[in-house]
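Visitor:
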Amino acid sequence: MNKTVKGILAGCGALAVLGGGLAVLKLTEPETPDDNAAEEDECIDLWEIADSEDISSITVESPEESYTANRKMETATDSDSDGNVITTEVANYYLDGYDGIPMDTLSIRTLATRTATCCATKCLRTDAAESDLANYGLDDPITVTFKVDDSDDVSFLVGDISPDSTLSYLCKADDKKSIYLVDSTLVEPYRKTILQYLGTAITDAQAEDDETIVEDVLIERKDIDYKMHIVYDDFYQEDQNGGSSAAHIMVEPVRSLLNAEKSASATHGLYGMICSEVLIPHPTDADMTKCGLDDPFVRVTVKTDDGKTQVFRMGDTYEGKDPVSGEPVTRYYGCLDGIDCIYGFSAEDTVYEDVTPDAIASKLVFETYVWDIGRLTYKAGDLTLDFDGAGTEQDDYSVTCNGEETDTERFRLLYTYLLKTSAENILLEPVDMTGVEPMAEIDLKRQDGTRSYNVKFYDAGGMKAYIALNDNVSFSCRKSYVDTLIANMNIYYETDKEFTMTW
1 MNKTVKGILA GCGALAVLGG GLAVLKLTEP ETPDDNAAEE DECIDLWEIA
51 DSEDISSITV ESPEESYTAN RKMETATDSD SDGNVITTEV ANYYLDGYDG
101 IPMDTLSIRT LATRTATCCA TKCLRTDAAE SDLANYGLDD PITVTFKVDD
151 SDDVSFLVGD ISPDSTLSYL CKADDKKSIY LVDSTLVEPY RKTILQYLGT
201 AITDAQAEDD ETIVEDVLIE RKDIDYKMHI VYDDFYQEDQ NGGSSAAHIM
251 VEPVRSLLNA EKSASATHGL YGMICSEVLI PHPTDADMTK CGLDDPFVRV
301 TVKTDDGKTQ VFRMGDTYEG KDPVSGEPVT RYYGCLDGID CIYGFSAEDT
351 VYEDVTPDAI ASKLVFETYV WDIGRLTYKA GDLTLDFDGA GTEQDDYSVT
401 CNGEETDTER FRLLYTYLLK TSAENILLEP VDMTGVEPMA EIDLKRQDGT
451 RSYNVKFYDA GGMKAYIALN DNVSFSCRKS YVDTLIANMN IYYETDKEFT
501 MTW
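Residue numbers (our numbering): 1 to 503.
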């Protein structure tokens, strides 16, 4: 029963019992609905679709744009407590015309589920004229249409949010005279734009059981005059080394081992890629040029062992807004080949706009495990320590120095200091040390023959030393480290006292 009718009946009862004077007061007071009426008006059924998955499509038309989400039945698998696989069919919804662009399917699904069954909290008008619709934002509304299996379409209009922000105005498409208040959360999905339904999660993270190998990563940037080239090396994947766990090495601008944790965002940055915002789906050539993506600031090319090549580009910068503080933030236009969309990336979304070789290098120079060494030669001036070793572990390893049997533990300790060699700085400019005598030189060969390399240390002046790997001067370190190395070589040759492990 309508609240107004209930109020009139209550007023008539008061007239009969209390008399005229009091009746006049009652009729002039603001209407106060009784509790029973409020309970009856808590839910006014507008329509009911028994199962939201019966909705085959949802079309949303607003003054700014229109889009359609179509149902697609997909197989989902799960397991019960006994480990039995359970297969079910579920309905997911995808934006029509946006195939190949990542979507937020969980959010899109709410277009169907929120109002499959809809009830209003109150009916405001049953006799609204066309001219009244503007008062509720229903003169230029959001129009929503459900196509339902084996049933009539359901179509309704969404208007403004009411002064009570928890409620919004709504009417049925075939009955614009009846204006209802509904919970704002029911119609919130229809206020979103297409861009809000296109996902900011651009690529999937690499699954634990995905054995795809990133074989080659090339990072090119306009603000540096060299390329960063990273390649996969199965020598490190098989963990044959004693000091580096990264399965990739840098080969440009210098050859360097990589820190596994710090380099992962560069080697695997196209997995689990997330942007800050979706900007332009289906960009034109003009859009690409305007955003600086035809001649990008950053180009990252990644090749995997399944024969695929992906190219990620970052273009010009633009001013965006922080979603929490609202403060302006600088972002980059970006795109991933194969996905027809331009995205906005903040500095936190990727490392590619400012990653440097120093940031991802491991700083290690020597990485061979001590018991894998076949031959190790130290030279400094007139002093030479030439070690030959054989064995697989400390208990069966034997070693000679300059042809004479020597103590295995002393050999291990001297090598332990050598493992501390740190490529503190990567040298990006060429350094020519032709004709210069090194302070010290190390030759190392593994027993299995898979690795051999030569390392020379040169005085660089200013308390620094250069490190040349296979005759390429690539790093620098403190000269005091080399001085201590030479001192330890002399300790090994002349005495049995302890080595110095700090410098």
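Using N, Cα and C, we set each Cβ at its ideal position, and we do this for glycine too.
#1: Cutting at 8 Å between CB atoms, please list the residues of its own chain near residue 103, excluding the five before and the five after it.
#2: Does DSSP classify residue 2 as helix, strand or coil?
#3: Would you mind stating whether residue 220 and residue 299 have Cβ atoms separated by less than 7 Å?
#4: Where does residue 22 fall in DSSP's three states?
#5: Is residue 94 helix, strand or coil when you go by DSSP?
#6: If we call anything under 7 Å between Cβ atoms a contact, is residue 166 one with residue 184?
#7: If we ignore side chains and look at the alpha-carbon of each, how far apart do residue 409 and residue 467 end up?
#8: Quick check on the DSSP output: what are the complete beta strand (DSSP E) runs of length 3 or more inside the segment 397-451, in order along the chain?
#9: Exposed or buried, what is residue 350 when buried is set at 16 or more other beta-carbons lying within 10 Å of its beta-carbon?
#10: Determine, using beta carbons only, whether residue 465 and residue 477 come nearer to each other than 7 Å.
#11: If we count the other Cβ atoms within 10 Å of its Cβ and call it buried at 16 or more, is residue 492 buried or exposed?
#12: To the nearest angstrom, how far is it from the Cα of residue 243 to the Cα of residue 313?
#13: Under the three-state reduction of DSSP, which class applies to residue 281: helix, strand or coil?
#14: With burial defined as no fewer than 16 other Cβ atoms inside 10 Å of the residue's Cβ, what is the status of residue 126: buried or exposed?
#15: Starting from residue 303, follow the beta strand (DSSP E) in both directions and report where the run begins and ends.
#16: Out of curiosity, what's the CA-to-CA distance linking residue 263 and residue 362?
#17: Secondary structure at residue 364, three-state DSSP: helix, strand or coil?
#18: Compute the Euclidean distance between the alpha carbons of residue 237 and residue 248, then round it to the nearest angstrom.
#19: Could you give the residue range of the beta strand (DSSP E) that holds residue 343?
#20: According to the neighbour-count rule (16 or more other Cβ atoms, all chains shown, within 10 Å of its Cβ), is residue 398 buried or exposed?
#21: If we call anything under 7 Å between Cβ atoms a contact, is residue 482 one with residue 457?
#22: Please go through the same chain and pick out, in chain order, the residues whose beta-carbon is closer than 8 Å to the beta-carbon of residue 338, but skip the five residues on each side of it.
#23: My output table needs one value for residue 355: the three-state DSSP class, helix, strand or coil.
#24: Considering residue 109, what are the terminal residues of the beta strand (DSSP E) in which it resides?
#25: Which residue's Cα is closest to the Cα of residue 521: 450, 427 and 448?
#26: Assuming residue 499 is part of the beta strand (DSSP E), what are its boundary residues?
#27: Reducing DSSP to helix, strand and coil, say where residue 251 ends up.
#28: Touch check for the segment 135-151 and the segment 170-179: three-plus C-beta pairs under 8 Å?
#29: Could you please give the first and the last residue of the uninterrupted beta strand (DSSP E) stretch that includes residue 260?
#30: Could you check which residue in 222, 306 and 496 has the C-alpha nearest to that of residue 213?
#31: Tell me whether the beta-carbon of residue 145 lies closer than 7 Å to the beta-carbon of residue 153.
#32: Could you compute how far the alpha carbon of residue 389 sits from the alpha carbon of residue 227?
#33: Go ahead and pull the three-state DSSP assignment for residue 172.
#34: Decide yes or no for the touch test of the segment 256-272 against the segment 289-298: beta carbon pairs closer than 8 Å, at least 3 of them.
#35: Name the residue from 414, 215 and 223 whose alpha carbon lies nearest to the alpha carbon of residue 234.
#36: Hey, is the segment 316-335 in contact with the segment 367-377, meaning 3+ C-beta pairs nearer than 8 Å?
Guide: Concretely, from the data shown:
#1: Once the five neighbours on either side are set aside, the close Cβ partners of residue 103 are 94, 95, 197, 198 and 199.
#2: For residue 2, the predicted model reports a pLDDT of 37, less than 50, meaning its position is unreliable and no value from the coordinates is stated.
#3: Taking 7 Å as the Cβ cut-off, residue 220 and residue 299 qualify as a contacting pair.
#4: Note that residue 22 scores a pLDDT of 33, beneath 50, so its modelled location is shaky and nothing firm can be said.
#5: Strand.
#6: The criterion of a C-beta distance shorter than 7 Å is satisfied by residue 166 and residue 184.
#7: Near 27 Å, if we compare the C-alpha coordinates of residue 467 and residue 409.
#8: 398-401 and 440-446, all fully within the segment 397-451.
#9: Answer is buried; the Cβ neighbour count reaches 16.
#10: Yes.
#11: Residue 492 should be labelled buried.
#12: Residue placement at residue 243 is flagged as unreliable, the pLDDT there being 46, under the threshold of 50; the coordinate-derived value follows with that caveat. Their Cα atoms are separated by approximately 34 Å.
#13: For residue 281, the secondary structure class from DSSP, reduced to helix, strand or coil, is strand.
#14: Residue burial annotation: residue 126 is exposed, with fewer than 16 other C-beta atoms found within 10 angstroms of its C-beta.
#15: For residue 303, the enclosing beta strand (DSSP E) covers residues 298-304.
#16: For the pair residue 263 and residue 362, the Cα-to-Cα distance works out to about 9 Å.
#17: Three-state DSSP puts residue 364 in a strand.
#18: C-alpha of residue 237 to C-alpha of residue 248: approximately 8 Å in a straight line.
#19: Here the beta strand (DSSP E) through residue 343 covers 341-345.
#20: Exposed, by the Cβ-count rule.
#21: In contact: residue 482 and residue 457 (Cβ atoms closer than 7 Å).
#22: Closer than 8 Å at Cβ, skipping near neighbours: 100 and 310.
#23: It is coil, neither helix nor strand.
#24: Taken as a continuous stretch (DSSP letters only), residue 109 belongs to no beta strand (DSSP E), being part of the alpha helix (DSSP H) at 105-113.
#25: As shown, the chain starts at 1 and ends at 503. That puts residue 521 outside it, with no answer to give.
#26: Annotation: residue 499 is outside any beta strand (DSSP E) and is labelled neither H nor E by DSSP.
#27: Reduced to three states, the DSSP call for residue 251 is strand.
#28: Yes, the segment 135-151 is in contact with the segment 170-179.
#29: Run containing residue 260: none in the beta strand (DSSP E); it sits in the alpha helix (DSSP H), 260-267.
#30: Looking only at 222, 306 and 496, the smallest Cα-Cα distance to residue 213 is reached by 306.
#31: Yes, Cβ-Cβ distance for residue 145 and residue 153 is below 7 Å.
#32: For residue 389 and residue 227, the distance between alpha carbons rounds to 39 Å.
#33: Taken through DSSP and simplified to helix, strand or coil, residue 172 comes out as strand.
#34: Taking one beta carbon from each stretch, the segment 256-272 and the segment 289-298 have fewer than 3 pairs nearer than 8 Å; the two do not touch.
#35: Measuring from the Cα of residue 234, the nearest candidate turns out to be 215.
#36: Touching, no, given that fewer than three Cβ pairs across the two stretches are closer than 8 Å.
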